[in-house]
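In my numbering, the protein residues as written are 16 to 209.
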């Protein structure tokens with residue numbers, strides 16, 4: 016299976032030809048960097064990797080007086096890999112463990128005040144993100160030519176933020192009540208059940 020970034024690039028090239036610079040600008044416009052870390056250099060390296068694997072092909076073109084640039088398009092093999100990745104993503108029943116999940120698992124290592132400060136800060140960031148997404152949703156839903164996929168993607172992100180916010184509020188409640196979050200290492204609980 017190919018990486019998430021490879022899937023994004025193949026999906027983009029399945030729609031139309033693009034050069035790596037245009038791909039980075041599209042990823043920027045979609046604000047995908049908020050969801051996972053993507054450096055421009057990683058996009059260029061991934062494009063080169065996809066080309067070496069035969070999943071995309073490049074064509075040199077010149078537009079007007081501008082320098083020659085290479086635009087890429089997806090190959091039949093690339094379309095097959097893209098379809099496989101999309102199917103696999105939809106069929107996965109368990110999502111990848113997030114950094115947030117790992118932080119919850121080991122949060123007992125932080126002091127109460129530090130933990131509450133971090134949780135409050137995270138909640139504020141989520142509220143700002145929620146506001147921005149709601150604002151974008153209103154704009155998209157009011158357009159004549161609605162981008163249904165974009166709307167659904169934003170709503171999915173919104174639901175994710177709502178779930179994380181709810182979890183943080185619950186954590187804050189338990190910490191404020193002075194409950195012992197983990198009398199012993201949380202993994203010990205799993206080991207004892209085996």
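No residue lacks a Cβ here, since even glycine has one placed at the ideal position from N, Cα and C.
Residue i - partner residues in DSSP beta bridges
{"i": "residue 184", "result": "BP columns for residue 184 are empty, so no partner."}
{"i": "residue 86", "result": "74"}
{"i": "residue 33", "result": "87"}
Distance, residue j Cα to residue i Cα
{"i": "residue 23", "j": "residue 173", "result": "20 Å"}
{"i": "residue 34", "j": "residue 77", "result": "12 Å"}
{"i": "residue 184", "j": "residue 89", "result": "45 Å"}
{"i": "residue 204", "j": "residue 71", "result": "Only weak support exists for where residue 204 lies, its pLDDT of 47 falling under 50; the coordinates are left without a value."}
{"i": "residue 220", "j": "residue 167", "result": "Since the first residue of the chain shown is 16 and the last is 209, residue 220 is not available in this structure."}
{"i": "residue 125", "j": "residue 103", "result": "37 Å"}
{"i": "residue 178", "j": "residue 169", "result": "14 Å"}
{"i": "residue 150", "j": "residue 165", "result": "13 Å"}
{"i": "residue 152", "j": "residue 57", "result": "29 Å"}
{"i": "residue 32", "j": "residue 80", "result": "20 Å"}
{"i": "residue 44", "j": "residue 194", "result": "43 Å"}
{"i": "residue 135", "j": "residue 115", "result": "14 Å"}
{"i": "residue 39", "j": "residue 55", "result": "6 Å"}
{"i": "residue 148", "j": "residue 182", "result": "19 Å"}
{"i": "residue 188", "j": "residue 133", "result": "14 Å"}
{"i": "residue 117", "j": "residue 159", "result": "42 Å"}
Own chain residues within Cβ distance below 8 Å of residue i, not counting five before or after
{"i": "residue 180", "result": "138, 141, 142, 145"}
{"i": "residue 161", "result": "155"}
{"i": "residue 176", "result": "141, 144, 145, 148"}
Same chain, Cβ closer than 7 Å to residue i, five either side skipped, listed in chain order
{"i": "residue 100", "result": "16, 17, 22"}
{"i": "residue 53", "result": "20, 42, 47"}
{"i": "residue 29", "result": "89, 94, 97"}
{"i": "residue 127", "result": "190"}
{"i": "residue 192", "result": "none"}
{"i": "residue 186", "result": "134"}
is_contact[residue i, chain B] using C-beta, thresh 9 Å
{"i": "residue 83", "result": "Checking the listed chains, one finds no chain B in this structure; it contains a single protein chain."}
Where the alpha helix (DSSP H) containing residue i begins and where it ends
{"i": "residue 127", "result": "127-156"}
{"i": "residue 55", "result": "55-67"}
{"i": "residue 160", "result": "Careful: residue 160 lies outside any alpha helix (DSSP H) and carries neither H nor E."}
{"i": "residue 120", "result": "114-120"}
Presumed contact (8 Å Cβ cut-off) between residue i and residue j, rounded CB distance
{"i": "residue 85", "j": "residue 73", "result": "4 Å"}
{"i": "residue 15", "j": "residue 62", "result": "No answer is possible for residue 15: it lies beyond the span of the chain, which begins at 16 and ends at 209."}
{"i": "residue 122", "j": "residue 131", "result": "No, residue 122 and residue 131 are not in contact; Cβ-Cβ is about 11 Å, not under 8 Å."}
Spatial neighbours of residue i in its chain, beta-carbon cut-off 6 Å, leaving aside the 5 residues before and after
{"i": "residue 87", "result": "28, 71, 73"}
Residue i Cβ short of 8 Å to the ligand NAP heavy atom set
{"i": "residue 30", "result": "Because no ligand of any kind appears in the structure shown, any question about the ligand NAP cannot be addressed here."}
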